[in-house]
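Residue 1 is where the sequence shown starts when you use the numbering used here, and the numbers rise one by one after that. We put the beta carbon where it would ideally sit given N, CA and C, even for glycine. Please read these numbers as outputs of a predicted model, since none were measured by experiment.
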Amino acid sequence: MPSFEITPIGTVRNDRTDVQHTDHWGAVRSTITIDERFGDACLQGLEGFSHVEVLFVFDQFEERDDYREPRPYRGRSDLPPVGVFAGRGPRRPNRIGVTSCAIESVRGRELTVVGLDAVSGTPVIDLKPTMEEFRPVDIKQPEWVSDLMSEYFQP
Numbered sequence: 001m002p003s004f005e006i007t008p009i010g011t012v013r014n015d016r017t018d019v020q021h022t023d024h025w026g027a028v029r030s031t032i033t034i035d036e037r038f039g040d041a042c043l044q045g046l047e048g049f050s051h052v053e054v055l056f057v058f059d060q061f062e063e064r065d066d067y068r069e070p071r072p073y074r075g076r077s078d079l080p081p082v083g084v085f086a087g088r089g090p091r092r093p094n095r096i097g098v099t100s101c102a103i104e105s106v107r108g109r110e111l112t113v114v115g116l117d118a119v120s121g122t123p124v125i126d127l128k129p130t131m132e133e134f135r136p137v138d139i140k141q142p143e144w145v146s147d148l149m150s151e152y153f154q155p
């Protein structure tokens, strides 16, 4: 397959720096500073939305060498093995993460959000306003996922 290059549009700044601290993101306040090449009006109109989808790169993790064998989620032997595309972890092809976050404020090229699960310094590759029409209904997931994620977005 052909490859392509993505240039970050901005950077995350927050109090989280430990990539191994993987739970309790719910109260994390992050400011995303957009690169000046987009101008001071690049976020104009985003203040009318309650949430934004932040696409970012897990830049502090290496991709795995081999994705063919399912592995237990988060490396936990008490969880069932899953294929690489049945999880949202950082060790994945292209290392792209996405999280829908509450918008706290929009000022010039600075977007402050709550609940972004990315450490300080993380490169942001895109922002998309969360729109009701794009949200799925009747989401189904295995019970073990709900148990595992029960504290992920807790403060």
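Within the same chain, show all residues whose beta-carbon is closer than 7 angstroms to that of valine 106, passing over the 5 residues directly before and after it, in chain order. On the sequence shown, position 106 is the one that residue 106 refers to. For valine 106, where only same-chain residues beyond five positions count, the Cβ hits under 7 angstroms are Leu43, Leu46, Glu47.
With distances taken from CA atoms, which of Ser50, Thr112, Phe61 is nearest aspartate 18? On the sequence shown, position 18 is the one that residue 18 refers to. The shortest C-alpha separation from aspartate 18 is found at Phe61.
From tyrosine 152 to histidine 24, what does the alpha carbon distance come to, in whole angstroms? Taking the sequence shown and counting its residues from 1, one reaches residue 152 at position 152. Taking the sequence shown and counting its residues from 1, one reaches residue 24 at position 24. Approximately 5 angstroms between the Cα atoms of the pair.
Please state the DSSP three-state secondary structure of serine 3. Position 3 of the sequence shown, counted from the first residue, corresponds to residue 3. In this structure, serine 3 counts as coil in the three-state DSSP scheme.
Between the Cα of aspartate 40 and those of Pro136, Glu69, Arg109, spot the shortest distance and give me the residue it belongs to. Here residue 40 is taken as the residue at index 40 of the sequence shown, counted from 1. Closest by alpha carbon: Arg109.
Cα-Cα, which of Phe58, Gly89, Asp66 is closest to arginine 76? Within the sequence shown, the letter at position 76 stands for residue 76. Distances from the alpha-carbon of arginine 76 to those of Phe58, Gly89, Asp66 put Gly89 closest.
Considering only the beta carbon of each residue, do valine 157 and alanine 102 sit closer than 8 angstroms? Beyond the ends of the chain as shown, which are 1 and 155, falls residue 157; an answer cannot be given.
Beta-carbon gap between lysine 128 and valine 52 smaller than 8 angstroms: Walking along the sequence shown from the start, residue 128 turns up at place 128. Walking along the sequence shown from the start, residue 52 turns up at place 52. For lysine 128 and valine 52, yes; Cβs fall inside 8 angstroms.
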